[in-house]
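Numbering (this note's numbering), first residue to last: 197 to 679.
No residue lacks a Cβ here, since even glycine has one placed at the ideal position from N, Cα and C.
Structure, as structure tokens:
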């Protein structure tokens, strides 16, 4: 592919070497972006390169250009992409009397990517949210410009911290209404329940919350129709604060927990498709970026994607539609790839400051375990050596029932649930959020899923010394039928 010829005019040796690298990289990009046909071979010169004193000047042969859009209406986006391709060098694209690309010899002095505390006083506007630091400094983006956002990454990679920074910024902006669902009984977002314009949604209230948003969306479209305008920006123009449509931001911290409920997917997709026009924006996060958790109807309506560390390329493609997130360092929480349209770059999220609730919570945060959850954890410890094997746990309990024995944690009353693989898997999601189970572990190098394990918190809860579990004698002591 790179056999198409380039002409490099001699200058100084170091500059010539850099110019050769830049020429090769730009030619590759021209092919990949379909600016020039990929079957030129050596028939035509693709570009000419002139290493001047302070920059590299590239003239693309107009005869071979079949798509001039990157040099015309998309020139600023082209500059961002080429800068990334050329290791952060400064790039300027122009189309006066030809197609020109100017490239700096050396990368500029850039700010190191390191975790920094969030400074809310630097918020540029009421709807701006902090992305983090990247190679050109701090970055904030207005949420309305991002429309809807899909965020993915493994447990502990920094998703929830990022959401906290966004929520705090929007609360400080004092213009957006927030609808918050954490799926953890309020352990994450419950602290914001007393803040102005914030609605916290309990675990059993997400369907009702989506329904009320759907009703409000319909009402807002009726208001736009009556006003004879097409979107919230035109509607709000010239109106006072009290007469404007407030933008609404729906934040869901674990998408996988809610999509399995009746009616959730349809309501959520409707908000994604139509909500932008009436000022409703969705921020959806998941720690299980797979095709069954993030369906195509969700992805296609979320133009902004943020990926933290993921275990494999397939997970990266689910979030970004490209690889890359699997190479993010797992030991650097907050490191992300931010993608909006053709622009994609690596950034480091700010660290969210501690937030002090302004009013007492109107609901309890429930992190206690019921008999069913204790029973499953006991079987995992004593019969599965601390491994969470859903099908095996369900089978052990059913055999224990058949043999007249009861598992640890049961109170002796008739069981109100029927253990099976699916039910045990659903319980695992709550136990993981509460810290009693790890996230799904993967094998280093291969990315093979190895399942969850109980944590030290579980051992402490059940009074188990680390290292025990799995023998017939211990199972008998616990009153469990050995596997």
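Contact under 8 Å by Cβ, residue i with residue j
| i | j | result |
| --- | --- | --- |
| residue 252 | residue 223 | no |
| residue 545 | residue 352 | no |
| residue 645 | residue 624 | no |
| residue 289 | residue 274 | yes |
| residue 536 | residue 654 | no |
| residue 365 | residue 316 | yes |
| residue 617 | residue 586 | yes |
| residue 581 | residue 620 | no |
| residue 496 | residue 363 | no |
| residue 326 | residue 314 | yes |
| residue 565 | residue 445 | no |
| residue 473 | residue 513 | no |
C-alpha distance - residue i paired with residue j, whole-angstrom precision
| i | j | result |
| --- | --- | --- |
| residue 424 | residue 438 | 20 Å |
| residue 211 | residue 491 | 49 Å |
| residue 557 | residue 386 | Legend: pLDDT at residue 557 = 42, less than 50; position of this residue unreliable, value from coordinates given subsequently. Approximately 7 Å, taken between the alpha carbons. |
| residue 596 | residue 337 | 56 Å |
| residue 475 | residue 443 | 5 Å |
| residue 481 | residue 374 | 15 Å |
| residue 240 | residue 260 | 7 Å |
| residue 633 | residue 529 | 20 Å |
| residue 161 | residue 301 | Because the chain in this structure spans residues 197 to 679, residue 161 falls outside the shown range and cannot be described. |
| residue 470 | residue 464 | 10 Å |
| residue 400 | residue 229 | 47 Å |
| residue 517 | residue 280 | 17 Å |
| residue 419 | residue 343 | 21 Å |
| residue 227 | residue 412 | 47 Å |
| residue 407 | residue 390 | 22 Å |
| residue 404 | residue 318 | 36 Å |
| residue 485 | residue 293 | 47 Å |
| residue 359 | residue 499 | 17 Å |
| residue 354 | residue 487 | 21 Å |
| residue 213 | residue 583 | 55 Å |
DSSP state of residue i mapped onto helix, strand, coil
| i | result |
| --- | --- |
| residue 441 | coil |
| residue 595 | helix |
| residue 477 | strand |
| residue 377 | strand |
| residue 389 | coil |
| residue 546 | coil |
| residue 534 | strand |
| residue 287 | strand |
| residue 369 | helix |
| residue 405 | helix |
| residue 635 | coil |
| residue 267 | helix |
| residue 223 | helix |
| residue 341 | helix |
| residue 217 | helix |
| residue 433 | coil |
| residue 300 | strand |
| residue 364 | helix |
| residue 236 | coil |
| residue 309 | coil |
| residue 583 | strand |
| residue 423 | helix |
| residue 274 | helix |
| residue 627 | helix |
| residue 282 | coil |
Start-to-end residues for the alpha helix (DSSP H) that takes in residue i
| i | result |
| --- | --- |
| residue 577 | 567 to 579 |
| residue 338 | No alpha helix (DSSP H) holds residue 338; the beta strand (DSSP E) holding it covers 333 to 338. |
| residue 470 | 460 to 470 |
| residue 454 | 451 to 454 |
| residue 493 | 492 to 495 |
Reference residue i, options the options, closest by Cα
| i | options | result |
| --- | --- | --- |
| residue 331 | 650, 573, 531 | 531 |
| residue 452 | 658, 527, 444, 494 | 494 |
| residue 244 | 350, 216, 460, 521 | 216 |
| residue 371 | 393, 433, 521 | 393 |
| residue 349 | 537, 632, 510, 585 | 510 |
| residue 398 | 382, 311, 440, 637 | 382 |
| residue 277 | 435, 638, 542, 391 | 542 |
| residue 295 | 272, 254, 311 | 254 |
| residue 593 | 575, 548, 262 | 575 |
| residue 368 | 320, 449, 488 | 320 |
| residue 409 | 236, 477, 250, 547 | 477 |
Extent of the continuous beta strand (DSSP E) run through residue i
| i | result |
| --- | --- |
| residue 324 | 324 to 330 |
| residue 256 | 251 to 256 |
| residue 520 | No beta strand (DSSP E) contains residue 520, which DSSP labels as neither H nor E. |
| residue 189 | It is not possible to answer for residue 189, since the shown part of the chain is limited to 197 through 679. |
| residue 649 | 645 to 649 |
| residue 655 | Per DSSP, residue 655 belongs to no beta strand (DSSP E); it is in the alpha helix (DSSP H), 652 to 658. |
| residue 245 | 241 to 247 |
| residue 395 | 394 to 396 |
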